[in-house]
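Counting with the numbering used here, you get residues 777 to 1012 for the letters of the sequence shown.
We put the CB at the ideal spot given by N, CA and C, even for glycine.
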Amino acid sequence: MNTKLQLMAGGICLGVLLTICGCQPKNQTTTDTTSENEVNQATNSPAPSGTTNDLTTSTTTNAMMSRGGTNMNMSAPGTNTDMSAGGTNVTAAIATLAPTQGNTAVGTVTFTQEANGVHVVADVTGLSQGDHGFHIHEKGDCSAPDGASAGGHFNPTGMPHGGPDSPQHHLGDLGNITADASGHAHLDRVFSFLSLQGTNSIVGHGVIVHAGKDDFTSQPSGNAGARVACGVIEAK
Ligand code: CU
Ligand code: ZN
């Protein structure tokens, strides 16, 4: 009897176990998936630790590379050029305008670095009454009799010509200065897009006053006519 009971009990136990086993596989499918992920994760964990090491190594390598890049940038000619030009610490500059051949325009333009841009104050005399195109040109070279040596408009950002308030314009597009009946033009304005510092510093570039008005539309220079005065922007 005891044996039968034990067998019965064993059968019940087996039944229970089978039932459990019958259910468990389904649960285990999910559980296994999870556990397999866990296993995979666990399995991957050692691998990631190796991968992590690789990543660490490559990260270190990248860091070293970027350090190398930074170092290279530090020693890059641009920085040195700025340094040699005193570019990084320039807060004020001046251009003395001299007349081109056959013209009488003379003047002074001062540039002061401010938080919102560069404050430009220009006083030019010897002009015909009216508007005159007023630009920063690419080259600080006024050696040519007609000022052509100053090149085109200062345009490091590759934009079309326009006025200083146009959506797109050369960095050198300062608009017009207007001469009164005595031939004197005065400009006092802060240009937000100008800088005396950094890559697009205007220091070392040219200033040109034209015979005619800049129409802000004609390419590449606003159809402002001949160059009547030229100067080089020099750090103070
Ligand atoms: Cu010009
Ligand atoms: Zn322009």
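* Could you check how far apart the C-beta atoms of residue 867 and residue 889 are, in whole angstroms? I think they sit under 8 Å. => Position 91 of the sequence shown holds residue 867. Position 113 of the sequence shown holds residue 889. That belief holds up - the Cβ atoms of residue 867 and residue 889 are roughly 4 Å apart, short of 8 Å.
* Beta bridge counterpart(s) of residue 1010 as assigned by DSSP -> Within the sequence shown, residue 1010 is the residue found at index 234, counting from 1. Paired residues: 870.
* Asked: What did DSSP end up calling residue 952 once you bin it into helix, strand or coil?
  -> Counted from its first residue, the sequence shown places residue 952 at position 176. Residue state, collapsed to three classes: strand.
* Mapping DSSP to helix, strand and coil, what is residue 961? -> Against the sequence shown, residue 961 aligns to sequence position 185. Strand.
* **Under 5 Å, CB to nearest heavy atom of the ligand ZN: contacting residues** => If you measure from each CB to the nearest heavy atom of the ligand ZN, the residues under 5 Å come out as 929, 937, 946, 949.
* Anyone know if the C-beta pair for residue 948 and residue 930 falls short of 8 Å? -> Taking the first residue of the sequence shown as 1, we reach residue 948 at position 172. Taking the first residue of the sequence shown as 1, we reach residue 930 at position 154. A contact, by the Cβ cut-off of 8 Å.
* Between residue 981 and the ligand CU, is the CB less than 7 Å from at least one heavy atom? -> Position 205 of the sequence shown, counted from the first residue, corresponds to residue 981. No, the Cβ of residue 981 stays beyond 7 Å of every heavy atom of the ligand CU.
* Nearest-angstrom Cβ-Cβ length linking residue 912 and residue 1012, presumed shorter than 8 Å -> Stepping through the sequence shown from its first residue, residue 912 is reached at position 136. Stepping through the sequence shown from its first residue, residue 1012 is reached at position 236. Contact check for residue 912 and residue 1012: beta-carbon distance about 17 Å, past the 8 Å limit, so the pair fails to qualify.
* Hey, out of 1006, 975, 910, 979, whose CA is closest to residue 999's CA? -> The residue labelled residue 999 in the question sits at position 223 within the sequence shown. Ranking 1006, 975, 910, 979 by CA distance to the CA of residue 999 puts 910 first.
* Asked: Comparing the CB of residue 1000 with every heavy atom of the ligand CU, is any distance shorter than 7 Å?
  -> The count along the sequence shown starts at 1 and reaches residue 1000 at position 224. Checking every heavy atom of the ligand CU against the Cβ of residue 1000, one is found closer than 7 Å.
* Within the same chain, show all residues whose beta-carbon is closer than 8 Å to that of residue 810, passing over the 5 residues directly before and after it, in chain order. => Residue numbering aside, residue 810 sits at position 34 when the sequence shown is read from its first letter. Bear in mind that the predicted position of residue 810 carries a pLDDT of just 33, short of 50, making it too unreliable to give a figure here.
* **Touching by the beta-carbon criterion (3+ pairs, under 8 Å), the stretch 989-1006 and the stretch 880-900** => In short, these stretches touch, since the Cβ pair count reaches three.
* Beta-carbon gap between residue 1009 and residue 983 smaller than 8 Å -> Numbered from its first residue, the sequence shown carries residue 1009 at position 233. Numbered from its first residue, the sequence shown carries residue 983 at position 207. Cβ atoms of residue 1009 and residue 983: closer than 8 Å.
* Asked: How about the stretch 931-944 and the stretch 976-996: do they share at least three Cβ pairs that are nearer than 8 Å?
  -> By the Cβ rule, the stretch 931-944 counts as touching the stretch 976-996, because three or more pairs are nearer than 8 Å.
* 7 Å CB neighbourhood of residue 923 in its chain, flanking five on each side removed -> Residue 923 sits at position 147 when you count from the first residue of the sequence shown. Listed in chain order, the non-local C-beta contacts of residue 923 below 7 Å within the same chain comprise 876, 984, 1003, 1006, local neighbours out to five positions each way being set aside.
* Asked: With distances taken from CA atoms, which of 978, 865, 932 is nearest residue 896?
  -> On the sequence shown, residue 896 is found 120 positions in, with the first residue counted as 1. Of 978, 865, 932, the residue nearest in Cα terms is 978.
* Taking just the CA atoms, how far does residue 928 sit from residue 917? -> On the sequence shown, position 141 is the one that residue 917 refers to. On the sequence shown, position 152 is the one that residue 928 refers to. Put simply, the backbone Cα of residue 917 is about 11 Å away from that of residue 928.
* **residue 916: CB within 7 Å of a non-hydrogen atom of the ligand CU** => Numbered from its first residue, the sequence shown carries residue 916 at position 140. No, the beta carbon of residue 916 sits no closer than 7 Å to any heavy atom of the ligand CU.
* Other residues of its chain near residue 987: CB distance less than 6 Å, five sequence neighbours each side excluded -> Counting from 1 along the sequence shown, the entry for residue 987 is found at position 211. The beta carbon of residue 987 sits closer than 6 Å to those of 1001, 1002, 1004, all from its chain and outside the five residues before and after it, given in chain order.
* Taking all protein chains shown into account, decide if residue 941 is buried (16 or more other Cβ within 10 angstroms of its Cβ) or exposed. => Here residue 941 refers to the residue found at position 165 of the sequence shown. So residue 941 ends up on the exposed side.
* Measuring from the CB of residue 883, is there a heavy atom of the ligand CU at a distance below 7 Å? -> As a working mapping, residue 883 is identified with position 107 in the sequence shown. Incorrect: residue 883 has no Cβ contact closer than 7 Å to the ligand CU.
* Asked: In chain order, what residues of the same chain lie with their CB nearer than 7 Å to the CB of residue 945, ignoring the 5 residues before and after it?
  -> Sequence index remark: in the sequence shown, residue 945 carries index 169 (1-based). Same-chain partners within the cutoff: 935, 937, 938, 939.
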